[in-house]
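Chemist:
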Amino acid sequence: MLEIYNSLTRLKETFKPLHEGHVGMYVCGPTVYGDAHLGHARPAITFDILYRYLQYLGYKVRYVRNITDVGHLEHDADEGEDKIAKKARLEQLEPMEVVQYYTNRYHRDMAALNVLPPSIEPHASGHIIEQIAFVQKILDRGYAYVSNGSVYMDVEKYAKDFPYGKLSGRNLNDIVTETRELDGQAEKKHSYDFALWKKASPEHIMHWPSPWSEGFPGWHMECSTMGTKYLGEQFDIHGGGLDLIFPHHEAEIAQSCAALGHESVHYWMHNNMITIAGKKMGKSYNNFITLEQFFSGKHELLSKPFGPMVIRFFILQAHYRSTVDFSSEALKAAEKGLQRMQEAYARLLKIQPSAATNVEVSGLRDKCQEAMDDDLNTPFVIAALFDSAKAINTVWDGKGTISEADLKELREVWKTYAIDILGLRLEEQGGGDEKMKAFHGAIDLLLGIRLQAKQNKDWATSDKIRNELTALGFQIKDTKDGFEWSI
Ligand code: ZN
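Under the working numbering, the letters of the sequence shown match residues -4 to 482, in that order.
Written as structure tokens, this is what we have:
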């Protein structure tokens, strides 16, 4: 049996991939029956950071993130109406129209957050045959039973041979008390048995033929099946939100051990949850804020719109294993932090080298790498970059100097850690693509004319440019060398 780890405590020293130089990584992706919200952004960004950093360390990474489009039900994994089927029924759409619509929107939101697409993005509905074969293996090995056309995991039998509940630290008694009484329980030997295959009720519109009934796979089955299909019977990393440890990931472990005789996952990683003003996100609190609402500012809990980079920066300011409490105030603070970073980066690209360095810039690369190796400590990376921003600002203000070699190193470290690994689009302020460059050039030109007007005491022109740019949302600051602006 694999030795399993919970998190990557000291990445560089303790992480040992199963195949040298290669990493297989599976992350539970979204259920596509609604728009992505803050709770979707956190795992996507957390594992995006891991994906980027592993590649930076030189690994060839195969990153699989699934689309759940069948089997994840309204009330729990076993019972109730499929969320996608329900949406399709209510809106008179083909279920796959619902899936495609929300998948497209998920991709759009992830691109806005600068989350890289995974290597493979399999759909549960595209892997029904493989899921049926996986269920059959569990039946063949005697760890499941058929009841009224559905197939259930025989948890009691399984727990005699394997340690059920070890990932979540639960035992069967805990699980009995947690299991709600729902219809369908009568079919099971025990309340803690979970569905591997469910017979579809007549009104259920998403169903497939199987040896046991016309039906659909249980929710946990897709990840066991697609993880091992694309990454092998054993693979390195499996991630997801903390709320998935039980029952989802515990069930995945049980399915793998039951079907294959061993565990599949070497390292489990779970990001912690986001709360909103101290409360869990939930329908009853009316505090589900979609990413689109953040970007547009259209939600009663938001005082203004927040750009995708502010959301990303806000999430990265906390360690992935800590909870993050959201509020408009916290996001405003994150926005200020991000602006300071963007400003420092723009200055870093503009400052000129001198013969020697008299500001503190040494050791930044080591500090950043040390922090990333320490279980992806992104808040420490951000703190180290802020420390170096002080040195950048000192040079910018003419109160310090930096040598050519130190400047080159500083630029490289910022590019590597802030832009490539943290994935922050800092260049949005300082120009990036050609359009942005032209735009920045035009604003600089206008402000240059204003500066000239001021020097000529032509206050009418100077004020007109300033006032009209301000009205358009620009912030203009006069400095001793000229001006600075931001939007
Ligand atoms: Zn999953």
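No residue lacks a Cβ here, since even glycine has one placed at the ideal position from N, Cα and C.
Kindly examine ligand 1 and report whether one of its heavy atoms sits closer than 7 Å to the Cβ of G234.
Modeler: By 1-based counting over the sequence shown, the position of residue 234 is 239. Answer for G234: no, Cβ out of range of ligand 1.
Chemist: By the three-class DSSP mapping on this structure, what secondary structure does N281 have?
Modeler: Sequence index remark: in the sequence shown, residue 281 carries index 286 (1-based). It is coil, neither helix nor strand.
Chemist: Identify, in the order they occur along the chain, each residue of the same chain with its Cβ nearer than 6 Å to the Cβ of H70, setting aside the five sequence neighbours on each side.
Modeler: As a working note, residue 70 is residue 75 in the sequence shown. Unreliable positioning characterises H70 in this predicted model, as indicated by a pLDDT of 38, which lies under 50. The coordinate reading is nonetheless provided below. So the list is empty, once near-sequence residues are dropped.
Chemist: Tell me the DSSP secondary structure of M201 in three-state form.
Modeler: By one-based count along the sequence shown, residue 201 stands at place 206. Here M201 sits in coil by DSSP.
Chemist: How about H243: is its Cβ closer than 7 Å to a heavy atom in ligand 1?
Modeler: Residue numbering aside, residue 243 sits at position 248 when the sequence shown is read from its first letter. At least one heavy atom of ligand 1 is nearer than 7 Å to the Cβ of H243, so yes.
Chemist: Quick one: residues in its chain with C-beta nearer than 8 Å to the C-beta of H122, no 5 flanking neighbours on either side, listed in chain order?
Modeler: Taking the first residue of the sequence shown as position 1, residue 122 is located at position 127. Only E217, T220, M221, K224 meet the Cβ criterion.
Chemist: M268 to F309, Cα distance in whole Å?
Modeler: Here residue 268 is taken as the residue at index 273 of the sequence shown, counted from 1. Here residue 309 is taken as the residue at index 314 of the sequence shown, counted from 1. C-alpha separation (whole angstroms): 14 Å.
Chemist: Please classify I133: does DSSP put it in a helix, a strand, or coil?
Modeler: Numbered from its first residue, the sequence shown carries residue 133 at position 138. DSSP places I133 in helix when its eight states are reduced to three.
Chemist: Among residues of its own chain, excluding the 5 on either side of E330, which ones have a beta-carbon nearer than 6 Å to its beta-carbon?
Modeler: Stepping through the sequence shown from its first residue, residue 330 is reached at position 335. Correct list, in chain order: V305.
Chemist: Classify V356: buried if its beta carbon has 16 or more other beta carbons within 10 angstroms, exposed otherwise.
Modeler: Mapped onto the sequence shown, residue 356 falls at position 361. Buried, by the Cβ-count rule.
Chemist: So, for W203: in the same chain, excluding its five sequence neighbours on each side, which residues have a beta-carbon less than 6 Å away from its beta-carbon?
Modeler: The sequence position of residue 203 within the sequence shown is 208, counting from 1. If we look at W203 and ignore the five residues flanking it on each side, its Cβ neighbours are I123.
Chemist: Going by other Cβ atoms of all chains shown within 10 Å of its Cβ, with 16 needed for buried, is S457 buried or exposed?
Modeler: Residue numbering aside, residue 457 sits at position 462 when the sequence shown is read from its first letter. Buried, because 16 or more other Cβ atoms sit within 10 Å of the Cβ of S457.
Chemist: If we require 4 or more residues per run, which alpha helix (DSSP H) segments fall completely within the segment 304 to 345?
Modeler: Correct list: 323 to 345.
Chemist: With DSSP as the reference, please indicate the residues paired to N491 in a beta bridge.
Modeler: The question about residue 491 has no answer, for the chain in this structure spans -4 to 482.
Chemist: Please classify W409: does DSSP put it in a helix, a strand, or coil?
Modeler: Working through the sequence shown from its first residue, we reach residue 409 at position 414. W409: helix per DSSP, three-state reduction.
Chemist: What does the Cβ neighbour count give for L68, buried or exposed, with the cut at 16 atoms within 10 Å?
Modeler: Against the sequence shown, residue 68 aligns to sequence position 73. Low confidence applies here, because L68 scores a pLDDT of 48, under 50, leaving its location unreliable; read the following figure in that light. Flag for L68 reads buried.
Chemist: Closer than 7 Å: is that where the CB of C252 sits relative to any heavy atom of ligand 1?
Modeler: Against the sequence shown, residue 252 aligns to sequence position 257. Flag unset: Cβ of C252 not near ligand 1.
Chemist: Does the contact criterion of 3 or more C-beta pairs under 8 Å hold for the segment 229 to 248 versus the segment 118 to 138?
Modeler: With a cut-off of 8 Å, the segment 118 to 138 and the segment 229 to 248 do not count as touching, because too few Cβ pairs lie within range.
Chemist: Taking D368 as the reference, give the member of S142, A328, K293, L49 with the closest Cα.
Modeler: Indexing the sequence shown from 1 puts residue 368 at position 373. Nearest C-alpha to D368: L49.
Chemist: Please report whether the beta-carbon of K459 lies at a distance below 8 Å from any beta-carbon of chain C.
Modeler: Absent from the structure is chain C; it holds one protein chain and no more.
Chemist: Could you tell me which of M201, G302, G418, K132 sits nearest to M91, measuring between CA atoms?
Modeler: The residue given as residue 91 occupies position 96 in the sequence shown. Cα-wise, what sits closest to M91 is M201.
Chemist: Determine which residues share a DSSP beta bridge with P212 and list them.
Modeler: Indexing the sequence shown from 1 puts residue 212 at position 217. Paired residues: W192.
Chemist: Looking only at DSSP bridge pairs, what is E479 linked to?
Modeler: Taking the first residue of the sequence shown as position 1, residue 479 is located at position 484. DSSP, once it has assigned bridges, lists K472 as partnering E479.
Chemist: Can the beta-carbon of V59 be found closer than 8 Å to that of P113?
Modeler: Here residue 59 corresponds to residue number 64 of the sequence shown, with the count starting at 1. Here residue 113 corresponds to residue number 118 of the sequence shown, with the count starting at 1. In this structure, P113 lies closer than 8 Å to V59 by Cβ.
Chemist: Buried or exposed: L343, going by 16 or more other Cβ atoms within 10 Å of its Cβ?
Modeler: As a first step, residue 343 is located in the sequence shown; it is residue number 348 there, counting from the start. Buried is the call here.
Chemist: Hey, would you say L162 sits closer than 8 Å to E245, going by beta carbons?
Modeler: In the sequence shown, the residue the question calls residue 162 occupies position 167. In the sequence shown, the residue the question calls residue 245 occupies position 250. Yes, Cβ-Cβ distance for L162 and E245 is below 8 Å.
Chemist: Under 8 Å between the Cβ atoms of P371 and I44?
Modeler: On the sequence shown, position 376 is the one that residue 371 refers to. On the sequence shown, position 49 is the one that residue 44 refers to. In the sequence as displayed, the identity of residue 371 is Leu instead of Pro. Yes, Cβ-Cβ distance for L371 and I44 is below 8 Å.
Chemist: Pull up the distance between the alpha-carbon of L326 and that of K155, whole angstroms please.
Modeler: One-based indexing of the sequence shown puts residue 326 at position 331. One-based indexing of the sequence shown puts residue 155 at position 160. Between L326 and K155, the C-alpha separation is close to 49 Å.
Chemist: Sort out for me which residues DSSP pairs V59 with in a bridge.
Modeler: Walking along the sequence shown from the start, residue 59 turns up at place 64. DSSP output for V59 lists Y21, I115 as bridge partner(s).
Chemist: State the beta-bridge partners of F230 as determined by DSSP.
Modeler: By 1-based counting over the sequence shown, the position of residue 230 is 235. V260, per the DSSP bridge assignment.
Chemist: Looking only at its own chain, which residues have a Cβ that is under 7 Å from the Cβ of V390, when we skip the five neighbours before and after it?
Modeler: As a first step, residue 390 is located in the sequence shown; it is residue number 395 there, counting from the start. For V390, where only same-chain residues beyond five positions count, the Cβ hits under 7 Å are I346, V354, T396, I397.
Chemist: As a quick exercise: from F211, Y159, M264, P242, pick the residue whose alpha carbon is nearest that of Y315.
Modeler: As a position in the sequence shown, residue 315 is number 320, starting the count at 1. Here the closest residue by C-alpha is M264.
Chemist: DSSP beta-bridge partners for S186?
Modeler: Walking along the sequence shown from the start, residue 186 turns up at place 191. None, per the DSSP bridge assignment.
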